[in-house]
Amino acid sequence: NTFGLFSSEDSQGLLDFASKCGTQSIKSFKTFLNAIEVCSLELNISWNSALAKEYSWVGDKNKINQLANSLSHIVSEQPVIHNIEGVLITSSLRGNFEIKGIDKKTYKGTYPVELLEKVREIRIGEDCMSVIEEARIVNSATKQSRSVFTLKSVSRLEG
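With my numbering applied, the sequence shown has no gaps in its numbers, which climb one by one up to 159 at the end.
Take a look at the structure:
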């Protein structure tokens, strides 16, 4: 949700938003806010949720400056690739998955539509081998971080 940025009330909310939309979107928002700031403009934004709840955000110069500064602390680390042997816990047609590794860690994330057929070949509860990319998004000011997992490949383990 694009407006999640404006409804974020603290650094944790900003990090949650960044983990959903990605650091490239964060950079775009920061560029937008900087342009608003340079032109000495203010914002008054309102929107309705899918359930027709009305939201609004009023950005005066100080609030815009504060939000732009907060966004400048959101960075992504180099992604890490994990080869995980485990059990498929859940999968959905919407591109979500959950795998519990033999290391007892649970990996929840998304997968691209190109993997849908491969994911559908594996039944819930079956052993599988997967390649999962972990992208960490960090707030360098608070040292809080969030990991985003993307399934890159998966196959059923035979035997």
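Glycine included, C-beta positions come from ideal geometry on N, C-alpha and C.
Excluding sequence positions up to five away, which residues of its chain have a Cβ less than 6 angstroms from the Cβ of K100?
Translated into the one-based positions of the sequence shown, residue 100 becomes position 100. So the list reads G86, V87, I89 and T106, once near-sequence residues are dropped.
So, is V113 buried or exposed, given that buried needs 16 or more other C-beta atoms within 10 angstroms?
Along the sequence shown, one-based indexing puts residue 113 at 113. Label assigned to V113: exposed.
Compare the beta carbon distance of R146 and I132 with 8 angstroms and say whether it is the shorter of the two.
Start at 1 with the first residue of the sequence shown, and residue 146 comes out as number 146. Start at 1 with the first residue of the sequence shown, and residue 132 comes out as number 132. By the CB criterion at 8 angstroms, R146 and I132 fall outside the cutoff.
Exposed or buried, what is C128 when buried is set at 16 or more other beta-carbons lying within 10 Å of its beta-carbon?
The count along the sequence shown starts at 1 and reaches residue 128 at position 128. So C128 counts as buried.
In whole angstroms, what is the alpha-carbon distance linking Q144 and G109?
Reading the sequence shown from its first residue, position 144 is the one you call residue 144. Reading the sequence shown from its first residue, position 109 is the one you call residue 109. Between Q144 and G109, the C-alpha separation is close to 19 angstroms.
The alpha helix (DSSP H) spanning E114 covers which residue range?
As a first step, residue 114 is located in the sequence shown; it is residue number 114 there, counting from the start. Where E114 is concerned, there is no enclosing alpha helix (DSSP H), given that its DSSP letter is neither H nor E.
From the DSSP output, read off the bridge partner residues of L151.
In the sequence shown, counting from the first residue as 1, residue 151 sits at position 151. BP columns for L151 point to I132.
Do E37 and I64 have their beta-carbon atoms positioned less than 8 angstroms apart in this structure?
As a first step, residue 64 is located in the sequence shown; it is residue number 64 there, counting from the start. As a first step, residue 37 is located in the sequence shown; it is residue number 37 there, counting from the start. Yes, these two residues count as a Cβ contact at 8 angstroms.
Using a Cβ-Cβ cut-off of 8 angstroms, state whether D103 counts as contacting chain B.
Checking the listed chains, one finds no chain B in this structure; it contains a single protein chain.
Near E54, what residues of its chain come up, given a Cβ to Cβ distance below 8 angstroms and the 5 sequence neighbours on each side ignored?
Indexing the sequence shown from 1 puts residue 54 at position 54. So the list reads S46, W47 and N48, once near-sequence residues are dropped.
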